[in-house]
Structures are given as C-alpha cells and as structure tokens.
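>
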Amino acid sequence: MGCGFSDIKGGQQAVGGTPARPGDTAADPGPNEAVVLFNKLRDKYFPSWGFGGRLPSGVVSHCFSLNGNESKPEVVGVDGILNAYASAIYNVSLAGPTLFGQVINKAAEIAGYSLSRYERKYFVLLIITDGVLTDLAETKNALVRASDLPLSVLIVGVGNADFSQMEELDADNGRRLQNSEGRVATRDIVQFVPMREVNAGQISVVQSLLEELPEQFLTFMRRRDIKPNSTSMTQAPY
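Residue numbering for the sequence shown follows the UniProt record's numbering, starting at 1 and increasing by one per position.
If you want it as structure tokens, here you go:
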C-alpha cells in the first residue's frame with residue numbers, strides 16, 4: 001500500500017527493539033519501561049526517549065532523550081539503541097511514579113507532524129511497564145486525542161502488578177475510551193498483553209500484541225479514505 005510503519009517503545013528507561021513495517025513480526029520487548037521511536041527503516045536512525053528516570057541533575061523526567069542529547073535524540077541501528085540504553089542505566093536511575101501521558105503525547109506529536117506533511121506513515125508505540133498508572137485520566141485524554149492520528153499503542157505488562165487499568169485502556173469490552181470531558185475515542189488504538197500469561201505459555205507475545213494492529217491500521221485508513229496507491233492523506237470529519 002506504500003505506507004511505511006514506524007515503531008515506538010515506551011517505559012521507565014528506554015530500551016531497544018526492532019523497527020516494524022507491514023509483514024514484520026519480530027519485536028524484543030527488552031528491559032523495563034522505555035520509549036523508542038523507530039523512524040525511517042531504510043536509514044536506521046532511531047530517535048529514542050525514556051521516561052520515569054531521575055536525571056543527573058536530580059530532576060525526575062517522564063520524557064527525556066535516551067542518548068542525553070535533547071536536540072538530537074537519534075541513534076543508529078539497534079546497537080545504537082542498546083548502547084544508549086546501557087549508558088542511560090549508568091547515568092539515569094529509575095524513578096516513579098508511572099506516567100504514560102507525556103510519552104503518548106510525544107508519540108502523538110510526531111504522528112501528527114507526519115500526518116500534516118501528508119507522509120504515508122503509521123506509528124506504533126510500545127510501552128513495557130511493571131507499574132500501576134498514577135495518571136490514568138491524563139493517559140485517557142492523550143489516547144483519545146491520539147485516536148485521530150496514525151498511531152497505535154501496544155502495552156506489555158511485566159510482573160505481578162494489578163494491570164486492571166491497562167485492561168481498561170485496552171477497551172476490549174466494546175466500549176471505546178472516553179476522556180475527562182466526555183469525548184469518545186474515534187477508534188480503538190490500544191492493545192494490552194500481560195507477560196505473566198506469555199510466560200505461562202498461554203499466549204504468544206508477538207501474536208497477541210499484533211492481533212488488533214491490522215484492524216486499527218485499516219480503520220484509520222478507511223476514516224481518511226486512503227486507498228492503496230493513493231497519493232495523499234485526506235482529512236476525515238471528526
């Protein structure tokens with residue numbers, strides 16, 4: 001269809017993984033909570049961010065450049081991501097609480113900018129978390145806003161925490177997310193998978209994470225009336 005896929009990872013310390021495009025199935029969840037935006041597979045430059053880290057300045061940040069360069073967060077290839085992660089582990093300490101809102105907004109900002117330039121890209125944010133959200137309302141608001149954009153959010157729950165909030169965000173009960181002002185998401189963009197079920201052999205993490213992605217992608221394309229081989233992304237009425 002001529003639409004590129006870009007991959008994002010999210011969590012408390014940034015982690016590595018593999019870029020995604022139509023047909024790709026490999027994705028290593030990596031260490032605990034981090035954020036990586038995989039952009040432009042062909043040149044293998046990956047802007048990368050972390051959240052939930054206490055920076056050397058003592059400030060706790062929920063969206064910081066993993067390589068320490070806020071103006072140029074790109075790293076080269078998967079090795080660059082892993083090296084940046086290793087450096088961050090040495091220089092940045094883990095810190096709570098668990099907040100998703102800022103990193104979802106960052107992903108939405110990038111997806112929105114791409115859309116405004118009529119680029120044929122679809123973005124995937126992968127969040128790996130072991131904590132309970134403390135910004136549930138802000139996260140819902142961010143997800144409802146992002147539902148208009150070429151973006152999906154995949155969440156992997158690690159450990160034995162209470163992940164009932166993640167199930168709520170997933171909205172598999174047939175009721176789409178609603179923000180604090182009563183606005184309903186234009187489409188479902190979240191998929192949640194608990195690793196404890198994967199470890200128990202009940203499900204495949206890759207299969208489960210990607211299960212809803214094709215329909216989320218196609219729903220976005222249909223809403224904007226984007227056809228295979230069309231040359232532009234048109235604005236759908238909200």
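Ideal Cβ placement from N, Cα and C applies to all residues, glycine included.
Would you be able to state if there are at least three C-beta pairs under 8 angstroms between the segment 72-88 and the segment 104-124?
Taking 8 angstroms as the limit for Cβ pairs, the verdict is that the segment 72-88 does not touch the segment 104-124.
> Rounded to whole angstroms, what's the CA-CA distance from residue 98 to residue 138? Just pull it up for me.
Near 12 angstroms, if we compare the C-alpha coordinates of residue 138 and residue 98.
> Under three-state DSSP, which class holds residue 242?
In this structure the chain extends from 1 to 238, so residue 242 is not present and cannot be described.
> Is the segment 210-218 touching the segment 185-195 in the sense that three or more CB pairs, one from each, lie closer than 8 angstroms?
Segments in contact, yes.
> How is the beta strand (DSSP E) around residue 316 delimited, first residue to last?
Past the boundaries of the shown model lies residue 316; the chain is included only from 1 to 238, so the question cannot be answered.
> Just the C-alpha distance for residue 115 and residue 102, rounded to the nearest angstrom, thanks.
Between residue 115 and residue 102, the C-alpha separation is close to 20 angstroms.
> May I ask which residues mark the beginning and end of the beta strand (DSSP E) holding residue 319?
The structure shown does not extend to residue 319, since the chain is modelled only from 1 to 238, so the question has no answer here.
> From which residue to which residue does the beta strand (DSSP E) around residue 45 run?
Where residue 45 is concerned, the enclosing beta strand (DSSP E) stretches over 45-50.
> Determine the contact status of residue 66 and residue 73, defining contact as a CB-CB distance below 8 angstroms.
It is a contact, given that the beta carbons lie within the stated cut-off.
> Let me know the secondary structure DSSP gives residue 219 once reduced to three states.
Here residue 219 sits in helix by DSSP.
> For my contact list, residue 177 and residue 143 are in at a C-beta cut-off of 8 angstroms; report their separation, rounded to the angstrom.
That pair is a contact at about 6 angstroms.
> Residue 152 by DSSP, collapsed to three states: which one?
It is a strand residue.
> Hey, could you find the ends of the alpha helix (DSSP H) residue 76 is sitting in?
Run containing residue 76: none in the alpha helix (DSSP H); it sits in the beta strand (DSSP E), 74-76.
> Rounding to the nearest angstrom, what Cα-Cα distance links residue 292 and residue 154 in this structure?
As shown, the chain starts at 1 and ends at 238. That puts residue 292 outside it, with no answer to give.
> Quick test of your reading: residue 179 and residue 141, contact by CB under 8 angstroms. State the CB separation rounded to the nearest angstrom.
Confirmed, about 5 angstroms.
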